[in-house]
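Numbering (this note's numbering), first residue to last: 330 to 619.
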């Protein structure tokens with residue numbers, strides 16, 4: 330059991346520095362190995378529930394890595410396995426984590442109504458503040474995708490809940506729902522509503538908060554990519570020049586299908602009225618993505 334838990338911790342650390350595209354195959358193998366142990370019954374009965382809970386955790390990690398890899402259909406399938414195991418193990422905390430991730434899958438698949446259905450499942454539940462706030466953040470993004478002005482009110486409610494300190498009810502995995510995460514999610518909400526300047530401000534804030542932190546290299550990469558996309562959209566050349574060096578450097582170091590998809594859309598139509606140095610770096614990124 331200790332070895333399996335240590336494997337989960339190592340996979341999370343690797344994902345933070347290398348990205349889900351690199352780590353997803355490793356995470357899937359670790360989950361499948363644990364699933365085989367369960368299927369074969371080669372364990373003491375006294376550890377069965379712990380083994381099921383650990384398998385659910387490994388499946389959650391694999392599902393998250395698949396999201397970052399841009400493999401959303403596979404992520405949904407693995408999330409379903411993680412949820413099944415968490416329910417069997419009686420691990421409510423992991424159920425919440427997996428379902429919040431699957432709401433994100435729905436958003437990436439262009440299905441905001443699917444994300445809202447997931448959120449509604451927990452609307453009446455007695456959730457810890459930080460977990461409730463995470464579901465409300467997913468709700469805000471879904472509403473923004475539907476161009477509902479209520480998105481910002483929902484997001485502000487989530488933010489107010491997250492300003493409170495950790496309580497004993499808050500799961501340990503909610504450590505990452507912090508000011509950096511709030512900034513990037515607010516950026517997504519503004520982006521969905523068409524508030525590009527506000528979205529850029531938020532993405533830059535999140536980018537600054539994640540820079541230089543090894544365990545957040547994946548976050549630095551995808552946030553910089555979003556900031557680059559938005560800065561070019563609104564004609565903010567200085568901001569584009571600030572982030573593009575990070576984007577270019579990390580392109581070969583962090584493997585993220587989500588980020589590469591953002592960058593492909595960004596460099597598909599390079600603006601003509603930008604400095605030659607900036608257009609040159611965008612061309613280099615386009616070449617490396619091909």
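The beta carbon of each residue, even a glycine, is placed where N, CA and C say it ideally should be.
message = Starting from residue 366, trace the alpha helix (DSSP H) in both directions and tell me its first and last residue.
response = For the purposes of this step, residue 366 is identified with residue 37 of the chain shown, where counting begins at 1. Its alpha helix (DSSP H) spans residues 349-369.
request  = Kindly indicate which residue of 338, 336 and 342 has the alpha-carbon position closest to the one of residue 542.
outcome  = Counting from one through the chain shown, the residue named residue 542 turns up at place 213. The shortest C-alpha separation from residue 542 is found at 342.
query = What do you reckon, are the CB atoms on residue 344 and residue 394 nearer than 7 Å?
reply = In the chain shown, residue 344 corresponds to position 15, counting from 1. In the chain shown, residue 394 corresponds to position 65, counting from 1. It is a contact, given that the beta carbons lie within the stated cut-off.
C-alpha distance - residue 572 paired with residue 558, whole-angstrom precision = Indexing the chain shown from 1 puts residue 572 at position 243. Indexing the chain shown from 1 puts residue 558 at position 229. Rounded to whole angstroms, residue 572 to residue 558 spans 10 Å at the Cα level.
task = Mind listing, in chain order, the continuous alpha helix (DSSP H) runs of no fewer than 4 residues lying wholly within the region 423-471?
result = 441-450
key: Terminal residues of the alpha helix (DSSP H) in which residue 506 lies   = Within the chain shown, the letter at position 177 stands for residue 506. Element bounds for residue 506: n/a, residue is neither H nor E.
ask   = Do you know how far the Cα of residue 525 is from the Cα of residue 519?
value = Here residue 519 corresponds to residue number 190 of the chain shown, with the count starting at 1. Here residue 525 corresponds to residue number 196 of the chain shown, with the count starting at 1. Each residue's alpha carbon lies about 7 Å from the other.
message = Quick check on the DSSP output: what are the complete beta strand (DSSP E) runs of length 3 or more inside the region 497-560, in order along the chain?
response = none
Simplified DSSP state of residue 598, which is helix, strand or coil = Residue 598 sits at position 269 when you count from the first residue of the chain shown. If DSSP states are grouped into helix, strand and coil, residue 598 belongs with coil.
message = Quick check: what's the CA-CA separation for residue 414 versus residue 380?
response = If you number the chain shown from 1, residue 414 lands on position 85. If you number the chain shown from 1, residue 380 lands on position 51. Roughly 10 Å between the two C-alpha positions.
task = Find out if the Cβ-Cβ distance for the pair residue 513, residue 463 is shorter than 7 Å.
result = By one-based count along the chain shown, residue 513 stands at place 184. By one-based count along the chain shown, residue 463 stands at place 134. No.
query = So is residue 531 buried or exposed if we call it buried at 16+ other beta carbons inside 10 Å?
reply = Start at 1 with the first residue of the chain shown, and residue 531 comes out as number 202. Result: buried.
request  = Report back the beta-carbon spacing between residue 411 and residue 467 to the nearest angstrom; my notes put them in contact at under 8 Å.
outcome  = Looking up residue 411 in the chain shown gives position 82. Looking up residue 467 in the chain shown gives position 138. Contact flag wrong, Cβ pair sits at about 17 Å.
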